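Below is one structure, written out as C-alpha cells; comments come after it.
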Amino acid sequence: MTSTNLHENRNFCTKYVQLAFILSSLSIFLGGLFLIVASRVAKYAYKFISKCILSTKGEHKQRAQWLPKMRQISIPWKGAFLESVEMMLSAQTCVGRVLVILVFLLSIGSLIIYFINCAFPVEHYFTDHTLSIDMSFNAFFLFYFGLRFMAANDKLRFWLELNSIVDFFTIPPICVAYYLKRNWLGLRFLRALRLLELPKILQFLKITRTSNSIKLSKLLAAVLSTWLTAAGFIHLVENSGDPWVHHQNSQSLSYFDCLYLTMVTMSTVGFGDVVTVTSLGRIFMIFFIIAGLVLFANFIPEIVDIVGGNQQYRDSYEVVRGRKYIVVCGDITLESVTAFLRNFLAQDTRDICTEIVFLGETLPSLELETVFKCYSAYTTFFHGSALNYKDLKRVVMGFADACLILADTCSSDPYVEDNSNIMRALSVKNHYPKTRVIIQIIQSHKKVYLANIPSWDWSRGDSIICLSELKLGFIAQSCLVPGLSTLLRSLFIRQKSTKVKRKGLQHRNIFEGNDYKVMTHWLSNDFVDMTFPDVCRFCFVKLDLVLLAIEFRSGVHENSILVNPSAQIKIHRNTMGFFIAKSKVEVKRAHFYCKACHSDVDNLELIKKCHCRSKSRTRSFSECYEDKKVQDYEMIRQLHKLRIPQETLYLPDRQPVKSMSLGVLPVSGITPRTAALVIEEDRNALLDSTGMFHWCEAVPLEQAILKHQGQTTSPLHDHIVVCVFGDANSTLIGLRNFVMPLRASNFTYQELKDIVFVGSLEYMKREWKFIQNFPKLLLFPGSGLSCADLRAVNIRYCTMCTILSSNLRASTNPTLVDTESILATLNIRSMQFKCRSTAGEAVGRVGTLENESEPSYKRIPVITELNATSNVQFIDHNISSTSHIPGQELDLTTTFSSGAIFSDSFLDSLLSATYRNHHILALLQTLVTGGTNPELEEQLAEKNMLSGSFNSMAYVAPRARCKLSLVPLSKRLLTDSRDSFGDVYCKALDLFGILCFGLYRLTEEPNPYRNRGVYPIARPPNDFKMLPTDMLFCFVPFGTTATSDLSVCEDLSPRMHQSHMDSSRKQNDVTL
C-alpha cells in the first residue's frame, strides 16, 4: 500500500470513523433519556386527564372497576419477575455477589486490554484478537446493564448514574469497532471508574472489616480511578488533536507519559518536561489542577495517617522484667488523659516506676499525641478495645498490675456510658480473672452488676468508684458537718506540693493541713488485746499519729472497717489501721513499735524495726476467730440477762468478699447498755431490711408536696433546703444518693432533719419513686431563682441550703454550664436577715460567738455544686489577679475552704489513690455514703426502692456505728486558754469517747455586719493553740450525745434518756 493510500485511510478514520464511535454513544444516551422523560411526562399527563374526566362525569364507580384490573395486569410482571431480578442483583445472595465480583473483574480485564491497545495509534485497523475478547466482555456488561435497568425503581436516576454513563460510552463504541473492523481507543479509559466498586467488593469478601481499612480502600480507589481516568483523557486529546483545526496540533504521547503528567500536576511539582499542546488538553488541565490539588491535599495525607497510624499504634507491648505497668482504657480523650496523668503523677511521691499503657478505641488527636510525646518516658498508646481479646493480648493484660477504666463524667447518656465500662470490666475479668480492675461508673445502681462477676474480688483490689454516689454523699455530709468535703479532700487526695512562700497564719495552717494524708499499715502485735481507745490514745501521745479506724475481721470472709469503735473492740493480730500522717515513715512506727525496745524512746525517728520482733510467734487467724466466737457467746449471754432477744444481733451470712462492710460493728463491739439504749430509744422507729437506714411506707407524691400559703408553707425549722435545676428531659441526678447519708440509722429519728426539695415538679416526679420510702421528705414546686419560693420554704431558718446542678449540658461553653447554680447562689446570698444569734444558731450557722446579744446580719449557709471549677470566680469575689495566693489555689479561697463550693473534679484523683491503696476508697465510702452494703445494692437494683422491716429491734449492730459531727468547744474541754489541740484531743477521747481529727477555725472579720470566714485544718499539731471559737471535726460513737449539762447519754437510764429526747428537738450537733 502506497503512502498516499495510508494518508487517505487516516483522514477517513479521523473524519468519519471517530464521528461514528461518538454518535453511537450519544444517540443511545440521549435517545434513552428522551424516552424515559417522555414516558414520565405522558404518565403524569394521563393521570391528570383521567382525574379531570372522572371528576367532571362523576364516574367513580367505573374507575373503581378498571383500576384493580390494571393493577392485576401489572403486578405479576412487576412482582415475581422483578423480585427475582432484584434478589439476583442483591449483594445479600451468592448470585448477586458473584455477579458484582465478575463485573468488576471483567472491567479490570477490559481496562488491561485498553492499556495494551495504547501502544498503537488512537485509531488503527483491526490486526489482533484483543477486540474480540473485549467484545465478549462488553456483551456481558450489556446483559448486566439490562438486569440493572429492569430492577431500577427510578429509571431516570439509574440512567444518570456513573456506572450507567460508563456503559454508554464504552459498550457501543466496541460494538461499532467490531462491526467496522477498525479500532478506536476513544473513551474506553472510563472503565477505570469501575475501581470505585473495589471497597464494596472487599467488604463482600470480608477482607476489610474495620472502619480504618474500609476508609483506606475508599480513599485508594478514589485516587487511583481519578488518576487513570485523567491520564486516559489526556492521552486521547493529545494524540488526536483539536477537531476544529483538523487534528493538525496533535502530539504523540504514550499512556505512561500521561500518567506521569497527571501525577506531577496533582503533586503541584510541575517539572514541565511533558506538557499539553492541544486546546482541549489545556482546558482540561485548568480544571484538573484545581480538582487534583484538592484530591491530593486531602486524600494522600489521610491515607498516610491511616497506614502510618495503624502501624504505629497496632504493635504489641513488650513487658520489661522488674517494671510494673498498668493498662488504662475507657474514655481516652485529651481531657481525661491530662487529668489522669496529673493525678497519677501527684500520687507517686517516689520516682516514677510504673508505666502507663493507654488502650484507646479511637486514634488520638494531634493534641493528645502531643501529650503522649511529652510523657513518652512512661506512657504508651495502643489502638484497640478492651472488648477484643486480641487487643487485650497485645497489651499483655495478664501481667498488668491493674486495669483502670475511665468514665466520661460529662456524658449526655450516663446509662450507656456505665454499660460500656461494665462490659469492658467483664471482658477483662473473663479472660484474665486475676487481673485487678478499678472502674469508674456514674450511676450507683450499676454497682451490683459488677459484683455479680464471678471473678470479682475486693480482697484482690477490685474496686468500684461511683462518682454520683460519692459526689452527693460529700454534699449531704457537708449539710450536717460544714467544711467536711474540703477536709476529706485534703486528707484523701494527694496533690503536687507547691513550693510557695506561705503568707499569713491562715494560709500556713491550711498548707500544713494539706501535708497530712490518710494512710494504712498493720498495727504492731504488741497492741493485741488492747482496746481501740487505748491504742488510739497511745498512738497520738507516743507515736504522734491519729488512728481513725481499723479493719476488723470477724471471720474467714467477713471484713468490716470500724471507725472509732467502742472499748469492747480489742485489737487482734494482723490488724490494719487507718492513720492520719505525713509520710509512710511515720505510719510504720505503729507497725514497728515494740514494748521491750521502744517503751523508753523519746525520739520518734528511733522507732524502727527491731530484732526481737522476729522472735515473737504470730498467732494464726483461726485462733483469733475462736476467741471471737467465745466473746460473741459471752455477749449473747449478757444480752439475755437484759431480756433482749438474740435476733437483735444482725449478722450477715459469711460469703466471699465482694465489697467491704461499711462500719457495721460485730457482736462483741456492742455493749449491753448500748443495745438497750437503741431499743428503748427507737422502739417505734422503722428501718429498712438491712438496718442501715430509716424507712417508712411509700409516701404518695401528692402528700409530700407543700402548698404555698401566704409567705411560708409550714413552720419549718432547722431543715435542709435543696434547690434542684432540671426538667422533664434532664438526666436524673440520683437524689437517693443525697438522701441516704442523711437518713442513716446511726441517727435517731428525732435527729433527722426535714429535707425540702425545690425544683420542677416534672423532674421531681421522676426522682420521687426512688426516695419515697425515706421519712421527712417534702417537695415544693418552684425555683431557687425566686426569692418568693425560697421564703415560702422558710429558708431563713434552714440549717443548710444546697444547690445541685443538673447533668444536662445545655452549653458547650464551660463558663455557661453553671449559670443557674451561680445565679441561685447569688440570689440566696442577697437574702440577708437581721436576727439575734444564739449559741445553737452559732453552731449551725458558724456565726460570730462574741457579742451574741447584739443584732447581726447573717447570710443563709449555702453549698453550691459547680461543674466547672473555674466558675468559682463568679461566686468568690476575693479572687483577683492581685491575690497573694500563688497560682490561684482554689483550696485556699474562702468559698472552697469553708465548703461553700463543691466541685467533683477531685473525684478523678480517687482512681490513682485507689490504685495505690484500695483500702482508702473503702474508708471514704464508709464516711460518706452512710453505710451501703452489697445486700442493699441488690435490693435497689431489683426493686428501685428500699424494703422495710417492721421490727426495729432486729438491727442493733448496724445502728451502733459512729457518725460525723462538728463539735464546738466547751469549758470542760477547754479548761485553760493555753490548752492545745493535743489536750483537747485526749480529753474528748477519755471523757466522751469522741475521736477528733480536724479543726474548723473562724477567721478575723473587721466588719461586724458580715459573717466571719472559716477554714478547716486537717490534723492540727499537738501544740496547736486552741481558741474558744474553734470547732472540732469528730467521730461521735452511737449513744454518746452530750447534753447542755455535760451529762453523757450512756450514763443515763434508757427511760431518762427517752424523756430527754422528747424534750429536745435539735440533737444533730453535739455540744460539749
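Just so it is clear: in the sequence shown, position 816 is 832 by our numbering, and no numbers are missing. For glycine and all other residues, C-beta sits at the position ideal for the given N, C-alpha and C. As the structure is a computational prediction, the values presented were derived from the model and not from experiment.
- Query: In or out: Lys463 buried (at least 16 other Cβ within 10 Å) or exposed?
  - Reply: buried
- Message: At the level of alpha carbons, what is the spacing between Gln34 and Ile129?
- Response: When rounded, the distance between both Cα atoms is 19 Å.
- Message: So, with DSSP's three-state summary, where would you put Gln267?
- Response: coil
- Query: Which residue from Leu820, Ala467, Phe773 and Leu842 puts its Cα closest to that of Ile736?
  - Reply: Phe773
- Task: May I have the straight-line CA-CA distance separating Cys345 from Pro380, to the nearest angstrom?
- Result: 13 Å
- Item | Contact the stretch 273-288 vs the stretch 317-324: 3+ CB pairs below 8 Å | no
- Task: Write down the C-beta distance between Leu748 and Ile787 rounded to the nearest angstrom, noting that I regard them as a contact closer than 8 Å.
- Result: The Cβ separation is near 11 Å, so there is no contact.
- Pick from Tyr341, Ile372 and Lys340: whose alpha carbon is nearest that of Thr354? Ile372
- Kindly list the residues whose CB is nearer than 8 Å to the CB of Asp545, restricted to its own chain and excluding five residues on each side of it in sequence; keep chain order. Lys586 and Ile587
- Once you ignore the five residues that flank Phe161 on each side, which residues in its own chain have a CB closer than 8 Å to its CB? Ser180, Asp183 and Ile187
- Determine, using beta-carbon pairs with one atom in the stretch 292-307 and one in the stretch 245-253, whether at least three such pairs fall under 8 Å. yes
- Roughly how many angstroms lie between the CA atoms of Pro449 and Phe415, to the nearest whole one? Per the coordinates, the alpha-carbon of Pro449 lies some 11 Å from the alpha-carbon of Phe415.
- Could you tell me whether the Cβ atoms of Thr292 and Ile348 are closer together than 8 Å? no
- Cα-Cα separation, Ala237 to Glu213: 8 Å
- Message: Buried or exposed for Tyr1031, going by 16 or more other Cβ atoms inside 10 Å?
- Response: buried
- Straight-line gap, Gly798 to Phe548 (C-alpha atoms, nearest Å): 49 Å
- Can you pull the DSSP bridge partners for Pro984? Met1047
- So Ser427 is in the alpha helix (DSSP H); what residue range does that whole segment cover? From DSSP, Ser427 is part of no alpha helix (DSSP H); its letter is neither H nor E.
- Query: Whole alpha helix (DSSP H) runs in the stretch 379-453 with 4 or more residues, listed along the chain?
  - Reply: 382-390, 405-410 and 430-447
- Message: Under DSSP, the beta strand (DSSP E) around Trp200 begins and ends at which residues?
- Response: Run containing Trp200: Arg198 to Trp200, per the beta strand (DSSP E) assignment.
- Taking the DSSP output, what are the residues bridged to Tyr341? Here Tyr341 is bridged, per DSSP, to Glu371.
- Item | Nearest to Ser801 (by Cα), restricted to the options Ile838, Pro791 and Cys814 | It is Leu, not Ser, that sits at residue 801 in the sequence shown. Measuring from the Cα of Leu801, the nearest candidate turns out to be Ile838.
- Which residue from Pro470, Ile458 and Leu503 puts its Cα closest to that of Lys487? Ile458
- Query: Looking at the unbroken beta strand (DSSP E) that takes in Pro1032, where does it start and where does it end?
  - Reply: Val1030 to Ala1034
- Identity of the residue in Ile819, Val833 and Thr831 nearest Arg845 by Cα: Ile819
- Message: Whole angstroms are fine: how far does the CA of Asp834 sit from the CA of Ile917?
- Response: 12 Å
- Just the C-alpha distance for Asp805 and Glu718, rounded to the nearest angstrom, thanks. Near 18 Å, if we compare the C-alpha coordinates of Glu718 and Asp805.
- Message: Tell me the rounded alpha-carbon separation between Leu722 and Pro791.
- Response: 15 Å
- Item | Which of helix, strand or coil DSSP assigns to Asn1038 | In this structure, Asn1038 counts as coil in the three-state DSSP scheme.
- Query: Where does Thr880 sit, in a helix, a strand or coil, going by DSSP?
  - Reply: strand
- Cβ atoms of Ala418 and Gly477: under 8 Å apart, would you say? yes
- Whole-angstrom Cβ separation of Leu296 and Val253, contact assumed at under 8 Å? 4 Å
- Message: Please return the same chain residues whose Cβ sits closer than 7 Å to the Cβ of Leu206, not counting the five positions on each side in sequence.
- Response: Val182, Phe185, Thr186 and Thr245
- Item | Residue environment, Thr831, which counts as buried when at least 16 other CB atoms sit within 10 Å | exposed
- Query: Cα separation between Thr451 and Trp474?
  - Reply: 12 Å
- Just reading off the beta strand (DSSP E) that Cys1156 is part of, what are its end residues? Any answer about residue 1156 is impossible in this case: the structure gives the chain only from 17 up to 1088.
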